[in-house]
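Asks: Can you read through this structure? Questions will come right after.
Residue numbers (the numbering used here): 161 to 423.
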């Protein structure tokens, strides 16, 4: 059960953060540069893949990846531009140019057969799963391995799907699936907004616990499922709207109605 004062805080913070001004400092800005679905998808998945650490650095390095592709992601993928990257170099923290190439080879294998990753997800029945984000990663991982001589790369797609929170994939899916016309783009149809899961990281988890929304100590798949299920009691059709609220409360150092400081 969510306390009334906590529900009010979540609604207020979601309205405050889910605003056009949010875009400029967030990696969601990069898929929003494009209008063609494959370009949006590639920019979204790559930007989300390196979305850990300092936000300014994340955005700088997302821009670096798009520059590598001459801001034409789909053409770059289909022309195998990643084969000409040369000597291995760093892109973001532990993500290097060979990881970038691995990811794009996997996407090319999907785009060879489908007009979009959304179409691939639809044809594969991802939307029929109770846990579509985990099912999507399972299927994409299979395609990526097949495109890379059987190699598995956990820097590109998480392994251990029984336990992983899938923070970055769930964030990319929020961008692609939610469709309120403000921050998120809502360009996918294979998954419904009601089927999304909270992108759970340390900060979101700590904020949720301070608000009494999450009892589980670990930030794992079970915690994601539990937290999202509770948020669905407020908005069954759009539980992940509250990702904005949990982010805003934590970053803004706000207070709950009961006087509990959120850090």
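Even glycine gets a Cβ: it sits at the ideal position worked out from N, Cα and C.
(1) Check whether the region 244-257 touches the region 265-275, taking contact to mean three or more Cβ pairs, one atom from each stretch, closer than 8 Å.
(2) Tell me the residue span of the beta strand (DSSP E) that contains residue 330.
(3) What does a CB cutoff of less than 8 Å around residue 167 pick up in its chain, not counting 5 residues either side in sequence?
(4) Run the CB neighbour count on residue 328, radius 10 Å, all protein chains shown included, and call it buried at 16 or more, exposed below.
(5) Figure out for me which residue from 190, 280, 391 and 357 has the closest Cα to the Cα of residue 290.
(6) Between which residues of its own chain and residue 323 is the CB-CB distance below 6 Å, once the five residues before and five after are set aside?
(7) Using only alpha-carbon positions, find the residue among 276, 195, 387 and 192 that is nearest to residue 350.
(8) By Cβ distance, which residues of its chain are closer than 8 Å to residue 362, with the 5 residues on each side in sequence left out?
(9) How long is the line joining the alpha carbons of residue 309 and residue 262, rounded to whole angstroms?
(10) Grouping DSSP H, G and I as helix and E and B as strand, with all else coil, what is residue 379?
(11) For residue 251, name the three-state secondary structure that DSSP assigns.
(12) Leaving out the 5 sequence neighbours to the left and right, which residues in its chain are closer than 7 Å to residue 294 when beta-carbon positions are compared?
(13) May I have a chain-ordered list of the alpha helix (DSSP H) segments no shorter than 4 residues that lie completely inside the region 268-323?
(14) Specify, as a first and last residue, the run of the alpha helix (DSSP H) that residue 205 falls within.
(15) Would the region 220-227 count as touching the region 190-206 if we require 3 or more Cβ pairs under 8 Å?
Replies: On the basis of the supplied data:
(1) no
(2) Indexing the chain shown from 1 puts residue 330 at position 170. Premise fails: residue 330 lies in the alpha helix (DSSP H), 327-337, not in any beta strand (DSSP E).
(3) Your numbering for residue 167 matches position 7 in the chain shown. 394.
(4) Here residue 328 refers to the residue found at position 168 when the chain shown is read from its first residue. Residue 328 is buried by the Cβ-count criterion.
(5) As a first step, residue 290 must be located in the chain shown, where it is residue number 130. Nearest option by C-alpha distance: 357.
(6) What you label residue 323 is simply residue 163 of the chain shown in a count that begins at 1. Closer than 6 Å at the Cβ level, and outside the excluded window around residue 323, lie 380 and 381.
(7) Walking along the chain shown from the start, residue 350 turns up at place 190. With distances taken between Cα atoms, residue 350 lies closest to 276.
(8) Stepping through the chain shown from its first residue, residue 362 is reached at position 202. Correct list, in chain order: 379.
(9) As a first step, residue 309 must be located in the chain shown, where it is residue number 149. As a first step, residue 262 must be located in the chain shown, where it is residue number 102. Using only the alpha carbons, I get a separation of about 10 Å.
(10) Taking the chain shown and counting its residues from 1, the one referred to as residue 379 is at position 219. The answer is coil: DSSP assigns residue 379 none of H, G, I, E or B.
(11) As a working mapping, residue 251 is identified with position 91 in the chain shown. Residue 251 falls in the strand class under three-state DSSP.
(12) Position 134 of the chain shown, counting from 1, holds the residue named residue 294. Once the five neighbours on either side are set aside, the close Cβ partners of residue 294 are 321 and 326.
(13) 277-283 and 292-307
(14) Position 45 of the chain shown holds residue 205. Note, residue 205: alpha helix (DSSP H), 197-209.
(15) yes
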